[in-house]
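Participant:
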Amino acid sequence: MLLTTAVGEMVIYIPQDSPFLNMGGRVVDSAYEFATSINFFLMQSIYSAFEIVSVCNLLLTFDINRNSPLLPGLPIAAQIVIFGLINLYAVRWFGIAEFWFSIAKVLLAIGLIFFTLITMCGGNPQHDAFGFRNWHVDRIMAEMYTTGALGRFQSFLYVLRNSSSFTCVGPEYLSMVAGETINPRRTLSKAFKSILYRLVVFYIGGALSVTILIAYNDPKYNDIVNNSNSASSPYVVAMQNMGISALPYIVNAVILTSAFSAGSAYVYTSSRCLFNLSKKGFIPRLFSRCNKKGTPYFAVCGTMCITFLSFMQLGKQGQKAFNYLVNLTTSAQILNYGFMSITYIRFYHACIAQKIDRNEFTYKSWFQPYSIYLVCAYYWCLIGILGYQVFMPGKWTVDSFLFSYIMLFISIAAYVFWKLFKRQPFVKLREADLKTGLEEIEEHEYEYEYYAKSETVERSWLRRLQNWIS
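Residue numbering for the sequence shown follows UniProt numbering, beginning at 1 and increasing consecutively.
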């Protein structure tokens with residue numbers, strides 16, 4: 001949350017395309033912008049491959065023939081083709097489709113929280129008011145890698161590193177639309193302020209619901225996780241344990257559509273990142289070519305090439321391949337947050353050096369600069385322990401080491417390459433570009449407010465709902 005407010009301040013000050021990436025070039029140097037952009041592009045494109053595999057695994061939860069020669073190859077190929085067609089020819093429908101998919105996700109999240117409240121009070125086929133019983137099963141924390149206090153601490157680190165950093169994301173996606181938002185300062189200010197409530201309701205509420213519904217050592221759930229695939233929603237297992245038959249299929253169906261829409265959205269985001277890299281001169285100009293509708297078709301095709309990583313699922317060790325994708329995206333995501341924190345630190349001190357009063361900003365982050373120092377230390381410590389378990393006795397494997405740290409190595413290599421190639425110096429704080437685009441934004445803001453006052457437009461309930469979701 002502290003990082004979200006910091007990124008919000010930086011983005012709302014100068015709303016632009018790929019703001020937290022471009023700002024890195026303004027306040028650090030071009031090599032830093034290149035490295036962070038490469039990491040973000042790879043993260044988004046690998047996410048799309050991850051979601052493709054997730055959809056295939058979710059299909060296995062339905063009553064279909066698991067030994068069919070068409071699975072999972074056909075669903076993977078079909079999704080890649082559909083994602084390509086959507087992002088090449090149906091981009092204008094993309095926003096509308098995502099709006100309705102978002103409604104389904106919100107309804108599912110709220111519905112599962114209410115499901116938890118009802119069933120824990122006895123509203124289930126077994127009429128068992130289990131309450132918080134699963135919080136008292138065996139021990140309060142599981143052990144991992146070793147036993148005792150150290151094992152419990154390593155279990156906590158695993159959750160902190162993988163689950164929380166992998167699932168709880170947000171400020172980067174909200175920032176990406178800054179350059180295309182009407183009245184961005186006011187709109188994005190409201191959006192960043194609302195993130196706190198969404199985190200409380202959906203992430204914290206969802207995490208509490210899972211721990212209430214199912215014990216950490218549930219044998220059925222652990223068997224699915226260890227021996228099957230990613231289609232192991234704890235909600236579904238809890239419903240099956242209660243003897244609920246139809247609802248698990250409905251939940252899996254909504255989760256499946258959510259994973260599909262997320263995969264398409266990641267293709268869109270990563271292709272625009274590749275397009276931006278080309279426009280800035282970091283990669284060949286070929287990727288900035290657009291068709292008559294403004295779609296960067298070479299950037300889309302370049303992104304689609306990485307989605308072929310999803311075919312690793314066809315191997316004999318499909319679950320291992322899925323874990324590789326999780327490790328790659330997790331490390332890239334944590335790196336992305338680490339880069340964001342460094343960018344804001346430079347932005348903050350550049351404002352001081354240029355005597356820019358942050359109190360006049362439309363949106364100002366909390367407890368600076370101490371909160372961003374804390375965030376920066378937190379994420380770079382996480383980066384350091386991404387694959388620490390491979391250094392434990394008997395745990396070393398080359399593939400585990402590489403898939404834990406390869407994104408860090410790629411980012412370092414990208415930075416060194418561009419630094420040596422361009423030989424551009426670091427940006428001095430007094431010379432950091434905090435003005436380009438500022439005048440246009442303020443002019444747009446003034447014109448929008450002027451016409452908004454002269455024209456009273458009554459917003460429908462659907463428009464208000466859309467604004468809240470977005």
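The beta carbon of each residue, even a glycine, is placed where N, CA and C say it ideally should be.
Out of 240, 278 and 274, point me to the one whose CA is closest to residue 303's CA.
Facilitator: For this step, residue 303 is matched to residue 303 along the sequence shown. With distances taken between Cα atoms, residue 303 lies closest to 274.
Participant: DSSP on residue 100, reduced to helix/strand/coil?
Facilitator: Residue mapping note: residue 100 aligns to position 100 of the sequence shown, counting from 1. Helix.
Participant: Please list, in chain order, all residues of the same chain as residue 18 whose beta carbon is under 6 angstroms from its beta carbon, the five residues on each side excluded.
Facilitator: The residue given as residue 18 occupies position 18 in the sequence shown. Closer than 6 angstroms at the Cβ level, and outside the excluded window around residue 18, lie 276.
Participant: Please classify residue 55 as buried or exposed, where buried requires at least 16 neighbouring CB atoms within 10 angstroms.
Facilitator: Working through the sequence shown from its first residue, we reach residue 55 at position 55. It is buried - the Cβ of residue 55 has at least 16 other Cβ atoms within 10 Å.
Participant: Is residue 106 a contact residue of the ligand FMN, with contact defined as CB to any heavy atom under 6 angstroms?
Facilitator: Only the bare structure without any ligand can be found here, which leaves the ligand FMN out of the picture.
Participant: Rounded to whole angstroms, how far is the Cβ of residue 30 from the Cβ of residue 418, which I believe are closer than 8 angstroms?
Facilitator: In the sequence shown, residue 30 corresponds to position 30, counting from 1. In the sequence shown, residue 418 corresponds to position 418, counting from 1. 7 angstroms between Cβ atoms; contact.
Participant: If I measure Cβ to Cβ from residue 345 and keep anything under 6 angstroms in the same chain, skipping five residues before and after, which residues do I get?
Facilitator: To locate residue 345, count along the sequence shown from 1; it is residue 345. Residues 372 of the same chain have their beta carbon placed closer than 6 angstroms to that of residue 345, with the five preceding and five following residues left out of the count.
Participant: Note down, in chain order, each residue of its chain lying with its Cβ closer than 7 angstroms to the Cβ of residue 336, except the 5 sequence neighbours on either side.
Facilitator: Along the sequence shown, one-based indexing puts residue 336 at 336. Closer than 7 angstroms at the Cβ level, and outside the excluded window around residue 336, lie 39, 40, 43 and 172.
Participant: By how many angstroms is the C-alpha of residue 236 removed from the C-alpha of residue 35?
Facilitator: Position 35 of the sequence shown, counted from the start, is the residue given in the question as residue 35. Position 236 of the sequence shown, counted from the start, is the residue given in the question as residue 236. The straight-line gap from Cα to Cα measures roughly 40 angstroms.
Participant: Note the first and the last residue of the continuous alpha helix (DSSP H) segment covering residue 302.
Facilitator: The residue labelled residue 302 in the question sits at position 302 within the sequence shown. Note, residue 302: alpha helix (DSSP H), 297 to 306.
Participant: Starting from residue 257, follow the alpha helix (DSSP H) in both directions and report where the run begins and ends.
Facilitator: To locate residue 257, count along the sequence shown from 1; it is residue 257. That run of the alpha helix (DSSP H) goes 247 to 279.
Participant: Taking all protein chains shown into account, do 16 or more other C-beta atoms lie within 10 angstroms of the C-beta of residue 238, making it buried, or fewer, making it exposed?
Facilitator: Against the sequence shown, residue 238 aligns to sequence position 238. So residue 238 counts as buried.
Participant: May I ask you to verify whether the stretch 99 to 114 touches the stretch 245 to 261, counting CB pairs closer than 8 angstroms and requiring at least 3?
Facilitator: yes
Participant: Three or more beta-carbon pairs under 8 angstroms between the stretch 206 to 223 and the stretch 114 to 125, yes or no?
Facilitator: With the cut-off at 8 angstroms, the stretch 206 to 223 and the stretch 114 to 125 touch.
Participant: Sort 121, 425 and 341 by Cα distance to residue 1 and report the nearest one.
Facilitator: Working through the sequence shown from its first residue, we reach residue 1 at position 1. For residue 1, the closest C-alpha among the options 121, 425 and 341 is that of 341.
Participant: I think residue 154 touches residue 147, with their Cβ atoms under 8 angstroms apart; what is that distance to the nearest whole Å?
Facilitator: By one-based count along the sequence shown, residue 154 stands at place 154. By one-based count along the sequence shown, residue 147 stands at place 147. 10 angstroms between Cβ atoms; not a contact.
Participant: With H, G and I counted as helix, E and B as strand and the rest as coil, what does DSSP make of residue 366?
Facilitator: Position 366 of the sequence shown holds residue 366. DSSP, read as helix, strand or coil, puts residue 366 in coil.
Participant: Report the CB separation of residue 476 from residue 141 in whole angstroms; it is logged as a contact under 8 angstroms.
Facilitator: The structure shown has nothing for residue 476, since the chain only spans 1 to 470.
Participant: Going straight from the alpha carbon of residue 404 to that of residue 440, what length do you get?
Facilitator: Here residue 404 refers to the residue found at position 404 when the sequence shown is read from its first residue. Here residue 440 refers to the residue found at position 440 when the sequence shown is read from its first residue. The straight-line gap from Cα to Cα measures roughly 43 angstroms.
Participant: Would you check if the distance between the CB atom of residue 429 and the CB atom of residue 349 is smaller than 7 angstroms?
Facilitator: As a working note, residue 429 is residue 429 in the sequence shown. As a working note, residue 349 is residue 349 in the sequence shown. Contact: yes.
Participant: Start and end of the alpha helix (DSSP H) containing residue 358?
Facilitator: Taking the sequence shown and counting its residues from 1, one reaches residue 358 at position 358. Per DSSP, residue 358 belongs to no alpha helix (DSSP H) and is neither H nor E.
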